[in-house]
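A.B. asks: Got a structure here, written out as structure tokens. Questions coming.
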Amino acid sequence: MGVDVVLMQMTQRGTSPKKRRPTAVESVQDGAELFSSLCAISRLPVLSRVDPYRTLILTSADMPQFLSEVDATCALATEQREREILAKIRELAERCAGSAHLELHLQGD
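Just so you know, our numbering puts the end of the sequence shown at 538, numbered straight through with nothing missing.
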């Protein structure tokens, strides 16, 4: 089971959380299950919470920790394809870190 990473723009009219609306901005597909496999063997706090059957939502406040864990995992990656998917995920995370209106959704199947 792959874990797709989706950058979401959150809009909210009014103050009710029921009116929050996510819109997908960009995504990284994990069809080859590279990212989910790396997360499964990770002993890092955020990446070890990634579940291939559920969605984990991270906000801009979570990005410093997430980025450091992606960097640490990239340093350990043995295949070029693993490094490439981590680089794409890192790009989305950097964008998310720059805006309180963005979230990173790690979507399991």
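Every residue, glycine too, gets a C-beta built ideally from N, C-alpha and C.
Owing to the predicted nature of the structure, the values given are computational and were not obtained by experimental measurement.
Taking the alpha-carbon positions, what's the residue 513 to residue 459 distance?
C.D. replies: Indexing the sequence shown from 1 puts residue 513 at position 84. Indexing the sequence shown from 1 puts residue 459 at position 30. Rounded to the nearest angstrom, the two C-alpha atoms are 11 Å apart.
A.B. asks: Residues in the same chain with beta-carbon distance under 6 Å from residue 475, minus the five sequence neighbours each way, listed in chain order, please.
C.D. replies: Position 46 of the sequence shown holds residue 475. 494, 495 and 498.
A.B. asks: Express the C-alpha separation of residue 534 and residue 501 in angstroms, rounding to a whole number.
C.D. replies: In the sequence shown, residue 501 corresponds to position 72, counting from 1. In the sequence shown, residue 534 corresponds to position 105, counting from 1. Distance between the alpha carbons of residue 501 and residue 534: 20 Å.
A.B. asks: Please state if the CB of residue 537 and the CB of residue 483 are separated by a distance shorter than 8 Å.
C.D. replies: Residue numbering aside, residue 483 sits at position 54 when the sequence shown is read from its first letter. Residue numbering aside, residue 537 sits at position 108 when the sequence shown is read from its first letter. Against a cut-off of 8 Å, the Cβ pair of residue 537 and residue 483 comes out as a contact.
A.B. asks: Closest by CA to residue 480, which one among 473, 488, 468 and 489?
C.D. replies: Taking the first residue of the sequence shown as 1, we reach residue 480 at position 51. Selected option, being the one with the closest Cα: 468.
A.B. asks: Would you call the CB atoms of residue 430 and residue 532 closer than 8 Å?
C.D. replies: As a first step, residue 430 must be located in the sequence shown, where it is residue number 1. As a first step, residue 532 must be located in the sequence shown, where it is residue number 103. No; because the gap between Cβ atoms is not below 8 Å, this pair is not in contact.
A.B. asks: Give me the DSSP bridge partner(s) of residue 437.
C.D. replies: Looking up residue 437 in the sequence shown gives position 8. Answer is 453 and 532, bridged to residue 437.
A.B. asks: Closest to residue 540 by C-alpha separation, out of 444, 485 and 443, would be which residue?
C.D. replies: Lying outside 430 to 538, the shown extent of the chain, residue 540 is not represented and no answer is given.
A.B. asks: Could you check where the beta strand (DSSP E) with residue 484 kicks off and where it finishes?
C.D. replies: For the purposes of this step, residue 484 is taken as the residue at position 55 of the sequence shown. Here the beta strand (DSSP E) through residue 484 covers 484-488.
A.B. asks: How would you label residue 522, buried or exposed, when you count the other beta carbons within 10 angstroms and need 16 or more for buried?
C.D. replies: Working through the sequence shown from its first residue, we reach residue 522 at position 93. So residue 522 counts as buried.
A.B. asks: Nearest to residue 528 by alpha carbon, out of 509, 492, 518 and 510?
C.D. replies: For the purposes of this step, residue 528 is taken as residue 99 along the sequence shown, with counting starting at 1. If we check each option's Cα against that of residue 528, 492 comes out closest.
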